[in-house]
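Protein chains in written order, with the working numbering: chain A, 1 to 116; chain B, 117 to 226. Every residue, glycine too, gets a C-beta built ideally from N, C-alpha and C.
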Amino acid sequence: GAVVSQHPSWVICKSGTSVKIECRSLDFQATTMFWYRQFPKQSLMLMATSNEGSKATYEQGVEKDKFLINHASLTLSTLTVTSAHPEDSSFYICSARRGTRPYEQYFGPGTRLTVT
Amino acid sequence: RKEVEQDPGPFNVPEGATVAFNCTYSNSASQSFFWYRQDCRKEPKLLMSVYSSGNEDGRFTAQLNRASQYISLLIRDSKLSDSATYLCVVTKNTGNQFYFGTGTSLTVIP
Numbered sequence: 001g002a003v004v005s006q007h008p009s010w011v012i013c014k015s016g017t018s019v020k021i022e023c024r025s026l027d028f029q030a031t032t033m034f035w036y037r038q039f040p041k042q043s044l045m046l047m048a049t050s051n052e053g054s055k056a057t058y059e060q061g062v063e064k065d066k067f068l069i070n071h072a073s074l075t076l077s078t079l080t081v082t083s084a085h086p087e088d089s090s091f092y093i094c095s096a097r098r099g100t101r102p103y104e105q106y107f108g109p110g111t112r113l114t115v116t
Numbered sequence: 117r118k119e120v121e122q123d124p125g126p127f128n129v130p131e132g133a134t135v136a137f138n139c140t141y142s143n144s145a146s147q148s149f150f151w152y153r154q155d156c157r158k159e160p161k162l163l164m165s166v167y168s169s170g171n172e173d174g175r176f177t178a179q180l181n182r183a184s185q186y187i188s189l190l191i192r193d194s195k196l197s198d199s200a201t202y203l204c205v206v207t208k209n210t211g212n213q214f215y216f217g218t219g220t221s222l223t224v225i226p
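Next comes the structure, spelled out in structure tokens:
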């Protein structure tokens, strides 16, 4: 099967610091990865599309200078939450697309971020 | 208006019951449709794709009505293990970005 990992699985940081979250496709190459955010009792909200070797595409309302995305290789995308604030506390989930079919999108286990 | 709308529930049903979830989407250009299942604090997992012709996988049946922009999921003979949140997903554009509904919570009661 297709496996996607995320690191760290949970992180607590102080307000004002930056946090980097890694998303890796372990057994396939992914030219496209996606980043989502999920607040308690809400659904996943697409934040951005990460394309290997090019700039990420952000959804409306998502600050690209606050959520820095880097997709440096075919198996790794990183999301950096800069100058984190308590309202950034959320569950961040990445997914990686294998192949070209829509259903071939595999989700990582998520990273729970708590900003104090 | 949200891309995808679902009744959040919760749905509490006894074992063996049949339960149906509905979902509507706003963009008529939406291309692909799925039902995902998400357990508490876990990542979503694909349950099934949804086609206009309807598709069935064991106790699960999904249906798409493009004219009404409506998707449904039917679960027959509910099991305790079916308890989860069911997420309706649509994609649009060639980028295949997924847009999730808010999810419908199901609890199957012994």
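Could you give the residue range of the beta strand (DSSP E) that holds F127 of chain B? 127-130
Thinking S142 of chain B and E119 of chain B are a contact (beta carbons under 8 Å), I'd like their distance in whole angstroms, please. 6 Å
Among A:G61, A:T80, A:T100, A:N51, nearest to Q6 of chain A - alpha-carbon criterion: A:T80
Whole angstroms is fine: what's the gap from F107 of chain A's alpha carbon to S89 of chain A's? 20 Å
Beta carbon of T49 of chain A nearer than 8 Å to that of T32 of chain A: yes
Coil, strand or helix - E104 of chain A by DSSP: coil
Within chain A, partners of E159 of chain B - CB distance below 8 Å: I93, F107, G108, P109, G110
Where the segment 24-35 of chain A meets chain B: residues whose CB sits under 8 Å from a CB there: T32, F34
For Y167 of chain B, count neighbouring Cβ atoms within 10 angstroms of its own Cβ and tell me buried if that reaches 16, exposed if not. exposed
Presumed contact (8 Å Cβ cut-off) between Q147 of chain B and K208 of chain B, rounded CB distance: 6 Å
Taking its Cβ as the centre, do 16 or more other Cβ atoms sit within 10 Å of T201 of chain B, making it buried, or is it exposed? buried
Along chain B, which residues have their Cβ under 7 Å away from the Cβ of R97 of chain A? N212
Contact check, P102 of chain A vs N212 of chain B, beta carbons under 8 Å: yes
Go ahead and label L203 of chain B buried or exposed: buried means 16 or more other beta carbons lie within 10 angstroms of its beta carbon, across all protein chains shown. buried
Name the chain A residues that come within less than 7 Å of Y215 of chain B, Cβ to Cβ? L46
Quick one: does the C-beta of T17 of chain A sit closer than 7 Å to a heavy atom of the ligand NAD? Only the bare structure without any ligand can be found here, which leaves the ligand NAD out of the picture.
In whole angstroms, what separates the C-alpha of L76 of chain A from that of C156 of chain B? 26 Å
Taking buried to mean at least 16 other C-beta atoms within 10 Å of its own C-beta, is D27 of chain A buried or exposed? exposed
Could one say the Cβ of S148 of chain B lies closer than 8 Å to chain A's Cβ atoms, at least one of them? yes
Quick check on this structure: which residue in A:Q42, A:S25, A:V62, A:I12 has the alpha carbon closest to the alpha carbon of V3 of chain A? A:S25
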